[in-house]
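Protein chains in written order, with the numbering used here: chain A, 29 to 77; chain B, 234 to 436.
C-beta: ideal position from N, C-alpha, C; glycine also.
In what follows, a single structure is set out as structure tokens and then discussed.
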Amino acid sequence: MNAVEAKECQEEMDYSEAAHVDEEYEYLLKNKDQAITFEEYCRKRGIKL
Amino acid sequence: MHPALGSSSNQSAVPKPYPPMPPRAGSHPAIGSASAACLLPLWLHRSMQPGPRSCQRARTGQPARRSAIHARQDSWRASTLSMQAWRNLFTLFILIMVSDKATIYGDLARMTYKINILSKAQRYFDTLDERTILNIWSSIAELKKNPYRRRPLVDIIKLRGFKSPPMYRLRVGRHRLEYFIDENENAITVTNAFLRSGDSDYR
């Protein structure tokens with residue numbers, strides 16, 4: 029792999045990572061009301077913190 | 234006049250020994266003591282007073298015996314602060330700096346974030362055993378103090394999106410937690426959690 033191909037590959041990875049961040053943020057905005065705190069989750073499962 | 238430089242007519246031939254010097258102005262035994270904070274203004278005021286020998290001799294009632302060297306020392310002492318005063322000022326400066334830092338770090342330590350988990354991350358946590366959850370909790374408890382800075386127990390990287398705010402990825406062993414920070418609500422929302430697979434975190 030030469031330098032140009034490596035750079036293209038890197039740019040592609042950055043692009044897909046940024047798209048992944050955007051996806052996660054959209055998911056957060058849609059499901060924000062379903063969030064519970066970590067303490068509540070542990071209480072549900074019966075884990076003592 | 235100093236005996237070594239010659240005697241005047243009204244002085245005896247045998248030079249009298251100098252009387253013991255009273256303590257210099259500005260010497261205070263309690264340096265840097267927090268309990269003496271109420272005495273600080275008085276202490277500083279006293280420290281600022283220069284202490285020429287001639288004044289001290291006048292206070293003790295002894296006749297002034299001055300050499301040229303003493304006169305030079307006196308004029309220097311009258312024009313500047315004593316060494317003890319400089320030490321006191323330096324101690325005060327250090328005390329102020331330390332208390333200021335303590336206040337800043339105290340504020341940071343008091344401010345913690347709330348951790349919210351979305352359903353996708355909850356589903357992943359359901360597959361984990363209690364010990365792993367406790368491991369994650371120890372990292373999250375440290376993360377709550379400052380979710381931005383990378384440090385021991387908080388191994389994070391920052392990921393940028395095209396139009397969304399930055400997302401952070403926390404490493405806990407082989408597990409990864411992705412979260413966003415909401416500064417208005419002082420909350421950290423974990424949107425996703427997964428097991429690292431292969432060479433890259435990105436799946």
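- Under the Cβ criterion of 8 Å, A:ASP50 is counted among the residues facing chain B.
- Per DSSP, reduced to three states, the secondary structure at B:ASN379 is coil, with no helix or strand assignment.
- Residue environment: B:ASP362 is assigned as exposed (fewer than 16 neighbouring CB atoms within 10 Å of its CB, all protein chains considered).
- In this structure, the straight-line span from the alpha carbon of B:SER300 to that of B:ARG320 is close to 28 Å.
- Inter-residue distance for B:TYR401 and B:THR324 is about 42 Å (C-alpha atoms, whole angstroms).
- Of the candidates B:THR360, B:ILE421, B:GLU411, the residue whose Cα lies closest to the Cα of B:THR345 is B:ILE421.
- Here B:ASN349 is not near A:ILE75, since their CB atoms are 8 Å or more apart.
- Here B:GLU411 is bridged, per DSSP, to B:ARG402, B:ASN425.
- Within chain A, no residue has its beta carbon less than 8 Å from that of B:GLY406; the closest one is some 17 Å off.
- B:LEU392 is a Cβ neighbour of A:VAL49, given a cutoff of 8 Å.
- Taken through DSSP and simplified to helix, strand or coil, B:THR365 comes out as helix.
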